[in-house]
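Residue numbers (my numbering), protein chains in the order written: chain W, 1 to 427; chain L, 1 to 326; chain S, 1 to 177.
(1) Any residues in the region 303-334 of chain W with a beta carbon nearer than 8 Å to a beta carbon of chain L? Which ones, in chain order?
(2) If we define contact as Cβ-Cβ less than 7 Å, is residue 16 of chain L a contact residue for chain W?
(3) Tell me, please, whether the CB atom of residue 425 of chain W is closer than 7 Å to any CB atom in chain L?
(4) Does residue 189 of chain W get closer than 7 Å to chain L when you measure Cβ to Cβ?
(5) What does the Cβ neighbour count give for residue 15 of chain S, buried or exposed, with the cut at 16 atoms within 10 Å?
(6) By the criterion of Cβ-Cβ separation under 7 Å, what are the contact partners of residue 74 of chain S in chain L?
(7) Do you know how far the Cα of residue 168 of chain L is from the Cα of residue 349 of chain W?
(8) On the three-state DSSP scale, how would you describe residue 190 of chain L?
(9) Where residue 26 of chain L and residue 189 of chain L are concerned, what is the direct C-alpha to C-alpha distance, given to the nearest angstrom?
(10) By Cβ distance, which residues of its chain are closer than 6 Å to residue 275 of chain L, with the 5 residues on each side in sequence left out?
(11) Would you call residue 183 of chain W buried or exposed, if buried means 16 or more other Cβ atoms sit within 10 Å of its Cβ?
(12) Taking only beta-carbon atoms, is residue 194 of chain W less than 7 Å away from chain L?
(13) Would you mind reading off the limits of the alpha helix (DSSP H) that contains residue 412 of chain W?
(14) Start and end of the beta strand (DSSP E) containing residue 380 of chain W?
(15) How would you list, in chain order, the residues of chain S whose beta-carbon sits under 9 Å from the beta-carbon of residue 149 of chain L?
(16) Would you list, in chain order, the members of the region 8-20 of chain W that have their beta-carbon closer than 9 Å to a beta-carbon of chain L?
(17) Under the assumption that residue 150 of chain S contacts residue 134 of chain S (Cβ atoms under 8 Å), give the Cβ distance between them as a whole number of angstroms.
(18) Out of curiosity, what's the CA-to-CA distance linking residue 43 of chain L and residue 294 of chain L?
(19) Residues in its own chain within less than 8 Å of residue 328 of chain W by CB, not counting five upstream and five downstream?
(20) Beta carbon of residue 221 of chain L, beta carbon of residue 175 of chain L: below 7 Å?
(21) Residue 256 of chain W and residue 321 of chain W - do their beta-carbons sit closer together than 7 Å?
(22) What residues in the region 266-284 of chain W bring their beta carbon closer than 7 Å to a beta carbon of chain L?
(23) Pairs of beta-carbons, one from the region 83-95 of chain W and one from the region 144-153 of chain W, closer than 8 Å: are there three or more?
(24) Which first and last residues belong to the beta strand (DSSP E) in which residue 67 of chain S is found?
(25) Just to make sure I have the definition right: I need the residues of chain L whose C-beta is within less than 7 Å of the C-beta of residue 156 of chain S. Which are they?
(26) Can you tell me whether residue 38 of chain W is helix, strand or coil according to DSSP?
(27) Tell me, which residues are paired with residue 201 of chain W by DSSP?
(28) Count the other CB atoms within 10 Å of the CB of residue 333 of chain W; is the residue buried (16 or more) or exposed (fewer)?
(29) Beta-carbon of residue 66 of chain S versus every beta-carbon of chain L: anything under 7 Å?
(30) Please name the residue or residues paired with residue 25 of chain W in a DSSP beta bridge.
(31) Could you give the DSSP three-state label for residue 343 of chain W: helix, strand or coil?
(32) Going along the region 134-163 of chain L in order, which residues come within less than 9 Å of chain W, judged by CB to CB distance?
(33) Reducing DSSP to helix, strand and coil, say where residue 146 of chain W ends up.
(34) For a contact meaning CB atoms closer than 7 Å, what does residue 198 of chain W contact in chain L?
(35) Of all the options W:319, W:379, W:318, which has the alpha carbon lying nearest to the alpha carbon of residue 330 of chain W?
(36) Please report whether the beta-carbon of residue 210 of chain L lies at a distance below 7 Å from any beta-carbon of chain W.
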């Protein structure tokens with residue numbers, strides 16, 4: 001029995017917080033956690049985990065609403081346990097003006113799903129020529145700025161943008177991808193791309209761009225967050241930068257901890273990703289990076305698509321996986337895969353992301369906090385697409401393949417309830 | 001591969017001819033043996049057989065190619081099939097119609113077989129996965145991935161001259177990176193048990209981790225040719241100069257052109273092959289292309305018999321599928 | 001005519017049938033139209049070789065090479081059972097035009113094989129005439145085709161097979177499984 005409601009009071013019974021070793025009863029009143037006491041029964045029905053914060057997600061609205069809306073995607077995020085989501089700036093129009101920021105925040109509020117923080121477009125229209133009004137956008141609620149998947153090719157503009165952002169202590173979320181090198185590529189440049197005849201994205205496209213970003217970071221002191229790392233070499237460079245005390249952080253998309261370029265066999269476009277799935281050695285390095293802490297956080301890189309996006313030959317399909325539907329079952333495989341405690345894995349999804357955007361607020365699971373947590377059933381087998389509420393878009397390999405077929409253990413784990421925004425939500 | 005291979009039907013027989021990776025040595029040999037049967041037909045006065053009478057074959061070329069299209073057309077006609085040439089370079093796809101919609105329209109014409117050439121690697125796989133089960137698809141070349149009939153006719157040519165592949169040293173020169181012909185040749189050569197397959201060219205034209213395909217990489221042509229039994233040239237497209245992978249065709253000729261002097265380093269009975277069209281003075285000296293060791297024109301002739309063999313085998317498997325009630 | 005359920009005909013018997021065929025063929029060859037022998041793969045090749053040897057040794061004016069037909073591309077059952085495994089390409093190393101062709105097979109049954117062989121011959125050229133010579137003619141014809149020269153006739157049921165083993169020159173009749 002997980003919760004009973006009585007006007008504005010929720011009693012959440014038999015749940016265990018990750019830092020505890022016994023179950024508790026949590027009482028929420030008017031959205032605030034009134035008390036946490038030891039559960040009488042001593043039985044654990046579910047785990048209670050702080051609401052997760054997604055550092056990179058595409059909500060598609062405004063502009064690409066056939067692929068998703070703020071309402072549908074923020075609710076999908078919420079149902080997966082994310083109470084906060086940073087949305088990518090490559091909407092249409094791009095998030096380079098206050099009106100768009102306002103529209104996004106209002107739509108998110110109406111949807112009553114995850115709280116949405118827009119990432120500002122670093123340059124107007126993401127064109128890479130003129131700076132956006134970064135200070136104004138920051139004041140309007142953007143916790144960071146970035147260029148989405150459209151790297152700057154003018155180093156002068158990049159330097160200037162990073163220097164300017166540093167004036168306002170605005171962190172930049174930058175994906176390390178060179179503007180010209182491998183620009184036509186659609187797969188990791190390696191044995192699989194060679195066999196399939198697919199134009200490749202070499203590791204150098206990431207590392208050369210990363211070198212430029214790190215050097216400018218050193219010169220300007222701009223807070224740099226590398227969004228969605230993909231290669232072993234890039235991790236080495238970030239590790240060196242951190243050891244030199246540069247203000248650098250980074251995250252990895254969850255799927256990059258599971259999949260490699262070998263999954264592309266047979267032109268499987270469900271593995272087409274803008275940040276490519278690289279070789280096995282790279283994936284293993286990313287896993288070690290999470291374990292050792294070189295990688296600070298894990299994001300979803302959520303990319304919902306309409307059906308047509310995948311109905312073409314591989315190079316013409318649109319890249320990206322819709323991440324929320326299968327996120328929790330995949331995340332629950334990480335403690336074993338990474339040889340990391342449950343607590344430390346979920347820290348990469350909850351507190352670490354919040355630290356990066358400067359919102360290291362109360363955990364949401366302590367007495368006196370505004371309630372911000374979700375209940376997790378770890379042993380329930382993960383739902384199929386028919387069982388769950390239909391997510392808006394279903395472009396994900398697990399909607400085509402069984403877990404075993406793509407090298408995963410059987411999937412388990414479900415979000416049973418979310419307590420946030422002064423209410424109780426059942427996905 | 002987690003996705004089922006679309007090339008095989010429910011009985012495990014070849015239904016589409018997309019790439020050579022999925023075919024075993026026995027199947028490749030069967031194609032070559034069947035092609036032997038058709039080679040004789042092309043020497044007769046009446047150069048056709050009634051095997052595919054009443055069937056319709058459609059050439060769906062999304063990329064220009066007069067040579068390949070003509071070869072398939074001739075092969076179909078020599079099997080007594082009707083042929084339909086659909087020019088898709090300028091038509092519906094240019095108007096924004098998706099590939100899938102174009103396919104549905106063409107299926108409504110009730111053809112039996114599609115020969116497809118497309119600029120995207122994986123296009124033939126995609127079409128094979130989505131086409132109606134009554135239609136067989138032959139890949140006439142998809143992006144940089146595969147040109148399986150060219151691979152087979154190259155194997156046929158080698159087998160005609162050399163008998164077996166076991167102790168052969170085959171050298172492939174030039175733009176491996178962008179060549180679907182090279183990938184198909186490599187796949188077939190390895191599968192047929194070729195002694196050694198070498199690739200040689202400037203590093204900018206050698207694909208990443210190409211050794212994983214089973215080949216040895218050489219950087220100097222002179223070294224690569226020592227002991228060669230078969231030399232295969234590849235086209236160098238002008239695009240390579242524009243994209244800064246190769247400075248000029250004259251420098252390419254100086255460093256990797258097959259000149260008489262270089263040819264002399266190979267075995268005296270080495271075969272000179274090229275999928276065509278050849279750029280004289282770029283990939284190959286004119287005198288070598290026309291010389292005694294060149295079998296370039298034979299490749300063209302054998303291409304008809306090989307395509308007839310592939311079309312017959314696949315069309316035949318479609319009928320046995322119907323008989324099995326599947 | 002006999003109607004055996006299973007039977008084996010030894011080499012001496014089979015060679016006797018071939019001798020009968022040669023005797024029947026000899027007068028047909030002694031005229032001024034040039035003659036060539038063509039065997040249908042596979043069974044007709046072995047019979048054809050023996051007949052050719054007899055005729056050549058008898059000093060008769062025939063083409064001294066046996067033509068060989070692989071009728072895989074002319075069969076009428078492509079639509080139901082697909083492409084038969086290819087048993088080597090046809091080889092007709094002489095001109096068909098204006099010749100008297102002796103077409104040879106081991107067993108004549110439905111007549112479809114001969115129909116296919118004749119269609120193929122006509123794609124090589126226009127023969128002056130065709131004489132059909134078979135080692136065994138069995139009951140069960142489905143087309144109006146009859147052999148001109150027969151080694152032996154066998155009245156067998158549709159569910160029985162007749163098989164010539166080239167190595168031993170034995171003919172076996174048995175039940176199809």
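For every residue, glycine included, the Cβ atom is placed at its ideal position computed from N, Cα and C. Values in this document were obtained by computation on a predicted structure and should not be read as measured data.
So, from the data block:
(1) Of all residues in the region 303-334 of chain W, 308, 311, 312, 313, 314, 315, 316 have a Cβ within less than 8 Å of some Cβ in chain L.
(2) Your numbering for residue 16 of chain L matches position 16 in the second chain. By this cut-off, residue 16 of chain L is not an interface position.
(3) Translated into positions along the first chain, residue 425 of chain W becomes position 425. Judged by the 7 Å Cβ criterion, residue 425 of chain W is not in contact with chain L.
(4) Here residue 189 of chain W is taken as the residue at index 189 of the first chain, counted from 1. Under the Cβ distance rule, residue 189 of chain W counts among the residues neighbouring chain L, one pair being separated by less than 7 Å.
(5) One-based indexing of the third chain puts residue 15 of chain S at position 15. Exposed, because fewer than 16 other Cβ atoms sit within 10 Å of the Cβ of residue 15 of chain S.
(6) Indexing the third chain from 1 puts residue 74 of chain S at position 74. 49, 50, listed in chain order.
(7) Within the first chain, numbered from 1, the residue matching residue 349 of chain W stands at position 349. Within the second chain, numbered from 1, the residue matching residue 168 of chain L stands at position 168. Taking the straight line from one Cα to the other gives about 57 Å.
(8) The residue given as residue 190 of chain L occupies position 190 in the second chain. Of the three classes helix, strand and coil, the one that applies to residue 190 of chain L here is helix, per DSSP.
(9) By one-based count along the second chain, residue 26 of chain L stands at place 26. By one-based count along the second chain, residue 189 of chain L stands at place 189. Taking the straight line from one Cα to the other gives about 13 Å.
(10) Counting from 1 along the second chain, the entry for residue 275 of chain L is found at position 275. If we look at residue 275 of chain L and ignore the five residues flanking it on each side, its Cβ neighbours are 150, 181.
(11) Against the first chain, residue 183 of chain W aligns to sequence position 183. Flag for residue 183 of chain W reads exposed.
(12) Within the first chain, the letter at position 194 stands for residue 194 of chain W. Answer yes: the Cβ-Cβ gap between residue 194 of chain W and chain L drops below 7 Å somewhere.
(13) On the first chain, position 412 is the one that residue 412 of chain W refers to. Segment 412-420 is the beta strand (DSSP E) holding residue 412 of chain W; no alpha helix (DSSP H) there.
(14) Walking along the first chain from the start, residue 380 of chain W turns up at place 380. Per DSSP, residue 380 of chain W belongs to the beta strand (DSSP E) from 373-381.
(15) Here residue 149 of chain L is taken as the residue at index 149 of the second chain, counted from 1. Correct list: empty, because the minimum Cβ distance to chain S is about 17 Å.
(16) none
(17) Numbered from 1 along the third chain, position 150 holds the residue referred to as residue 150 of chain S. Numbered from 1 along the third chain, position 134 holds the residue referred to as residue 134 of chain S. Rounded, the Cβ-Cβ distance is 6 Å, consistent with contact.
(18) For the purposes of this step, residue 43 of chain L is identified with residue 43 of the second chain, where counting begins at 1. For the purposes of this step, residue 294 of chain L is identified with residue 294 of the second chain, where counting begins at 1. Each residue's alpha carbon lies about 21 Å from the other.
(19) Residue 328 of chain W sits at position 328 when you count from the first residue of the first chain. Answer for residue 328 of chain W: 80, 81, 376, 382, 413, 414, 415, listed in chain order.
(20) One-based indexing of the second chain puts residue 221 of chain L at position 221. One-based indexing of the second chain puts residue 175 of chain L at position 175. The answer is no: Cβ separation not under 7 Å.
(21) If you number the first chain from 1, residue 321 of chain W lands on position 321. If you number the first chain from 1, residue 256 of chain W lands on position 256. It is not a contact, given that the beta carbons lie outside the stated cut-off.
(22) 266, 267, 268
(23) yes
(24) Counted from its first residue, the third chain places residue 67 of chain S at position 67. Element bounds for residue 67 of chain S: 67-69.
(25) Mapped onto the third chain, residue 156 of chain S falls at position 156. By Cβ distance, chain L contributes nothing, its closest Cβ being about 26 Å from residue 156 of chain S, past 7 Å.
(26) The residue you call residue 38 of chain W lines up with position 38 of the first chain. In the structure shown, residue 38 of chain W sits in a strand (DSSP, three-state: E or B).
(27) Along the first chain, one-based indexing puts residue 201 of chain W at 201. For residue 201 of chain W, which the question treats as bridged, DSSP gives the partners W:188.
(28) On the first chain, residue 333 of chain W is found 333 positions in, with the first residue counted as 1. It is buried - the Cβ of residue 333 of chain W has at least 16 other Cβ atoms within 10 Å.
(29) Taking the third chain and counting its residues from 1, one reaches residue 66 of chain S at position 66. Not an interface residue.
(30) Counting from 1 along the first chain, the entry for residue 25 of chain W is found at position 25. Answer by DSSP bridge pairing, in chain order: W:37.
(31) Counting from one through the first chain, the residue named residue 343 of chain W turns up at place 343. It is helical.
(32) 142, 143, 144, 145, 146
(33) Here residue 146 of chain W refers to the residue found at position 146 when the first chain is read from its first residue. Strand, per DSSP.
(34) Within the first chain, the letter at position 198 stands for residue 198 of chain W. What residue 198 of chain W touches in chain L: 121.
(35) Sequence index remark: in the first chain, residue 330 of chain W carries index 330 (1-based). With distances taken between Cα atoms, residue 330 of chain W lies closest to W:379.
(36) Residue numbering aside, residue 210 of chain L sits at position 210 when the second chain is read from its first letter. Among the residues facing chain W, residue 210 of chain L is included, as its CB has a counterpart in that chain under 7 Å away.
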